[in-house]
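Asker: Quick one: this structure, given as structure tokens, is what I'll be asking you about.
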Amino acid sequence: MSGGLMKWRFAFACSFINFTVLAQIRIAGLQFVATLERYDVSRSQAAFPYVLRYIVAFVCGSFIGFFGCKFGLKPVTLSGCCLLSFGIGLCFFAEDVIVITIGWGLFNGLGSGMACHLLPSYMSLHFAPEDLARANGLAMTCSKAISRPALQNKTKYFRKSSGLYSPTFILMTIIQSSFMCIVTLHLTVLVDFAKDKGVTTDQSVHMLMCSAVANLAGCLTLGFVTEKLWLSATQFAALCYL
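In this note's numbering, the protein residues as written are 94 to 335.
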């Protein structure tokens, strides 16, 4: 375990990675609408690159765990950051939605998984169990809260100015995967759904931002529920899922 304030540097470093990687989920709704307008495609075609990114990022977790054991946590994480950056850069040259699908859906999705999936293991190397929950909460703070006002307003600005250039184990996996779909995929279509109801794009951005305070409070405080033994980790996870 790292000692003193030094170990919290790792939490802030993981927080920054989560900010730059997972925060892309927060702006998927804006990108979806911009893809509709830029490439004049159907809604299913426009949504496919962003849904594919979620699928690739989450499904590749088992392979990433193997790579982490074989090559080390740090090389895999750094490689993921480079790969997702390449995928985003490829989208800059996109003239059709197929390039967006390859760059954002495949390269960005795989890179995001490589960059994020091993962070909890990396954190466990530097924090004692009694501090780990708070450290992980801090590491997720940026992506869940700060990223919303920071990236959504920036995305809106650039969009306006430049456009869009075991049985138990199996059951647990299914539940966790479905939960991730619930908490991420709705962000893709929320802006479009709001616009169908007459809400302007600016107003729909504020709809996404309004949950930032709740996410911030949850990330920073809910670790105490299990640390204080008010609930077991299993009970708390089940309660959160409900």
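Don't be surprised by glycine CBs; every beta carbon is placed ideally from N, CA and C.
Going by Cα to Cα distance, which pick from Thr113, Leu177, His210, Ala208 is closest to Thr194?
Answerer: With distances taken between Cα atoms, Thr194 lies closest to Leu177.
Asker: Select from Gly204, Gly165, Trp197, Glu223 the residue whose C-alpha is nearest the C-alpha of Ala139.
Answerer: When only C-alpha atoms are compared, the closest one is Trp197.
Asker: On a Cα-Cα basis, can you pick out the residue from Gln328, Lys288, Pro213 that is closest to Phe103?
Answerer: If we check each option's Cα against that of Phe103, Pro213 comes out closest.
Asker: Report the option in Gly122, Leu115, Thr319, Leu332 whose CA atom is closest to the CA atom of Gly173.
Answerer: Nearest of Gly122, Leu115, Thr319, Leu332 to Gly173, Cα basis: Leu115.
Asker: Rounded to a whole number of angstroms, what is the C-alpha to C-alpha distance between Ile120 and Val318?
Answerer: Computed Cα separation, rounded: 30 Å.
Asker: Taking the alpha carbon of Tyr147 as the point to measure from, which residue in Cys175, Leu129, Gly206 has its own alpha carbon closest?
Answerer: Out of Cys175, Leu129, Gly206, Gly206 has the C-alpha closest to the C-alpha of Tyr147.
Asker: Pop quiz: Leu352 and Met216 are said to be a contact at Cβ under 8 Å. What is the actual Cβ separation, rounded to whole angstroms?
Answerer: The structure shown does not extend to residue 352, since the chain is modelled only from 94 to 335, so the question has no answer here.
Asker: What do you get for Gly338, buried or exposed, if any count of 16 or more other CB atoms within 10 angstroms of its CB means buried?
Answerer: In the structure as shown, the chain begins at 94 and stops at 335. Residue 338 is therefore absent and cannot be evaluated.
Asker: By the 10 Å Cβ neighbour count, where 16 or more other Cβ atoms means buried, how is Thr170 classified, buried or exposed?
Answerer: By the neighbour-count rule (16 or more Cβ atoms within 10 Å), Thr170 is buried.
Asker: List the whole-angstrom C-beta distance separating Leu183 from Val192, where the pair is believed to meet the contact cut-off of C-beta under 8 Å.
Answerer: About 7 Å; that satisfies the 8 Å criterion.
Asker: In three-state terms, what does DSSP make of Ser345?
Answerer: Shown here, the chain extends from 94 to 335; a query on residue 345 therefore has no answer.
Asker: Mind checking Val152: buried by the 16 CB within 10 Å criterion, or exposed?
Answerer: Exposed, since its Cβ has fewer than 16 Cβ neighbours within 10 Å.
Asker: Start and end of the alpha helix (DSSP H) containing Thr319?
Answerer: First-last of the alpha helix (DSSP H) with Thr319: 316-320.
Asker: My output table needs one value for Leu324: the three-state DSSP class, helix, strand or coil.
Answerer: In the structure shown, Leu324 sits in coil (DSSP, three-state: anything other than H, G, I, E or B).
Asker: For Arg136 and Leu332, I'd like the C-alpha separation in whole angstroms.
Answerer: In a straight line, the C-alpha of Arg136 is about 34 Å away from that of Leu332.
Asker: When you compare only the Cα positions, how much space is there between Glu188 and Leu211?
Answerer: Spanning the two alpha carbons is a distance of roughly 34 Å.
Asker: Rounded to a whole number of angstroms, what is the C-alpha to C-alpha distance between Lys167 and Phe156?
Answerer: Near 15 Å, if we compare the C-alpha coordinates of Phe156 and Lys167.
Asker: What separation, rounded to the nearest whole angstrom, lies between the Cα atoms of Gln124 and Phe329?
Answerer: Whole-angstrom Cα-Cα distance: 34 Å.
Asker: Our contact map puts Phe200 next to Phe185 with C-beta atoms below 8 Å; I'd like the distance itself, whole angstroms only.
Answerer: That belief does not hold up - the Cβ atoms of Phe200 and Phe185 are roughly 13 Å apart, past 8 Å.
Asker: Note down the Cα distance separating Trp323 from Ala106, rounded to an integer number of angstroms.
Answerer: Rounded to the nearest angstrom, the two C-alpha atoms are 30 Å apart.
Asker: Once the 5 residues before and after Gly316 are set aside, which same chain residues still bring their CB inside 6 Å of it?
Answerer: The residues are Ala226, Arg227, Gly230.
Asker: Only counting the same chain, and skipping five residues up and downstream in sequence, which positions put a Cβ closer than 8 Å to that of Ile110?
Answerer: Hits under 8 Å: Thr170, Cys174, Ala208, Cys209, Leu212.
Asker: Which residues mark the beginning and the end of the alpha helix (DSSP H) in which Gly154 is found?
Answerer: Where Gly154 is concerned, the enclosing alpha helix (DSSP H) stretches over 154-164.
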